[in-house]
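Student:
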Amino acid sequence: DEAALQAYFDAVIAADQKIEPRDWMPEAYRRTLIRQIAQHAHSEIIGMQPEGNWITRAPSLKRKAILLAKVQDEAGHGLYLYAAAETLGITREELVDLLISGRQKYSSIFNYPTLSWADVGAIGWLVDGAAIVNQVPLCRCSYGPYARAMIRVCKEESFHQRQGYEIMHVLGNGTPAQRAMAQDALNRWWYPSLAMFGPPDADSTHSAQSMAWKIKRFSNDELRQRFVDMCVDQVKALNLTLPDDGLRWNDERGHHDYTEPDFDELMDVVRGNGPCNRQRMAHRKAAHDNGAWVREAAAAYAAKKTSAKET
Ligand code: FAQ
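Numbering of the sequence shown is given in the numbering used here, commencing with residue 36 and proceeding in unit increments.
Set out below in structure tokens:
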């Protein structure tokens, strides 16, 4: 009966074991995972756009090849994550429909424009860096398919982070114009990157329950702090400065004090009012519509194969 199933589920979570697709799980656990994994998948797919913007204008053939590979990796992450969400009893078609109709979200960060080549460096360093800080703990999340997907995703994100950091290093130590371009990109991406971790703990609606279920292992603020501490060290080799006058080491806390991002701006961007929300969604919808013939052809081919087998 339900009480026994719930007790077994609770015991699996308490023992730090994994819940697998065929296991019984509370309906709210399933819904939360679908929400988070889908949101994560949509972010990877929409996240291809800001960087895709620079593929045709990368400053060298080598940079172009690296950026192409990175953007393709994001597509791969999206597909991995859609597959993980499908194990929870929702289809890829439904998920894509939920994104395109605006009923599911994607990360706020991808609603900001990429104005210069240095933005590709800043995204790699900061956005992929924030993604790693957020996702490494997800490798230990209680839902098996999500946890396993995160292991490979994190390895690839580490490569992405290094390529972004290296771009920033070259520009930061380059000509005055290159350095200024890198600093401008850092100034614009810093606070939106901090906002990626979500609202402050006190306003985070899902954190307490997600932590009890061991989907989340650390709170939004804990991970944001970890990211700030990490960047303070990393920026030293870049010949650039983090755009925060309030940044200083706090001996008592053993962490850096810093200025919080504007959370009203975060919520406004999440509601659809960021600089690029409309453009991102219009582009995604057009790509989906333009791909209709591929889906139809694949379905027709699969049907032909099946009927050939039956006869
Ligand atoms: N953007 O109660 P919480 C990447 C929403 S990395 C938009 O704290 P939760 C790699 C939240 O959904 C980016 N919405 O929520 C890459 C909720 O609304 P809801 C993707 C946000 O889930 C790099 C409400 O606010 N990574 O793609 C944001 O416990 C470069 C209340 O918040 C992931 O998705 C936000 N920033 O914690 C790709 C990681 N923050 O759903 C391409 C997995 C909060 O009730 C290029 N996700 N909200 O309507 C997570 O870890 C969590 O979902 C959090 C939010 C931490 C994002």
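All residues carry an ideal CB built from backbone N, CA and C; glycine is no exception. Nothing here was measured: the structure is a model prediction, and the numbers come from that model.
Would you list the one or two residues that DSSP bridges to TYR178?
Tutor: ILE54
Student: Would you report the Cα separation of ALA42 and TYR64, rounded to the nearest angstrom?
Tutor: 14 Å
Student: What does a CB cutoff of less than 7 Å around ARG175 pick up in its chain, not counting 5 residues either side in sequence?
Tutor: ALA182 and ARG252
Student: For TRP152, which three-state DSSP category applies?
Tutor: It is coil, neither helix nor strand.
Student: So ARG283 is in the beta strand (DSSP E); what residue range does that whole segment cover?
Tutor: 283 to 285
Student: Taking the beta carbon of GLY233 as the centre, do at least 16 other beta carbons fall within 10 Å, making it buried, or is it exposed?
Tutor: buried
Student: Short of 8 Å in beta carbon distance, which residues of its chain neighbour GLU345, apart from the five on each side in sequence? Order them along the chain.
Tutor: none
Student: Below 8 Å on the Cβ atoms is my contact criterion, and I expect ASP156 with GLY199 to pass it. Report the Cβ-Cβ distance as a whole number of Å.
Tutor: According to the sequence displayed, residue 156 carries Gly and not Asp. The pair is a contact, with the Cβ atoms about 5 Å apart (cut-off 8 Å).
Student: How long is the line joining the alpha carbons of ARG214 and ASP256, rounded to whole angstroms?
Tutor: 31 Å
Student: Can ILE158 be considered in contact with the ligand FAQ, in the sense that its beta carbon sits closer than 8 Å to one or more heavy atoms?
Tutor: yes
Student: Pairing CB atoms from the region 116 to 129 with CB atoms from the region 275 to 291, are three or more of them under 8 Å?
Tutor: no
Student: Is the beta carbon of SER193 within less than 8 Å of some heavy atom of the ligand FAQ?
Tutor: no
Student: Could you spell out the range, first to last residue, of the beta strand (DSSP E) harbouring ASP292?
Tutor: 290 to 292
Student: Using alpha carbons as the reference points, say which of PHE194, TRP152, ARG187 and ALA230 lies closest to VAL205.
Tutor: TRP152
Student: Nearest-angstrom Cα distance between TRP89 and MET302?
Tutor: Approximately 28 Å between the Cα atoms of the pair.
Student: Can you tell me whether VAL270 is helix, strand or coil according to DSSP?
Tutor: helix
Student: How many angstroms separate the CA atom of TYR115 from the CA atom of TRP248?
Tutor: 22 Å
Student: Can you tell me the Cβ-Cβ gap for GLN71 and GLN139, rounded? I've got them flagged as a contact below 8 Å.
Tutor: Actually they do not touch by this definition, with Cβ atoms about 10 Å apart.
Student: Find the nearest neighbour of ASP280 within the set VAL270, LYS271 and THR294, judged by alpha-carbon distance.
Tutor: THR294
Student: For GLU109, which residues of its own chain have a beta-carbon under 6 Å away from its beta-carbon, when the five flanking residues on both sides are left out?
Tutor: GLU79, GLY82 and MET83
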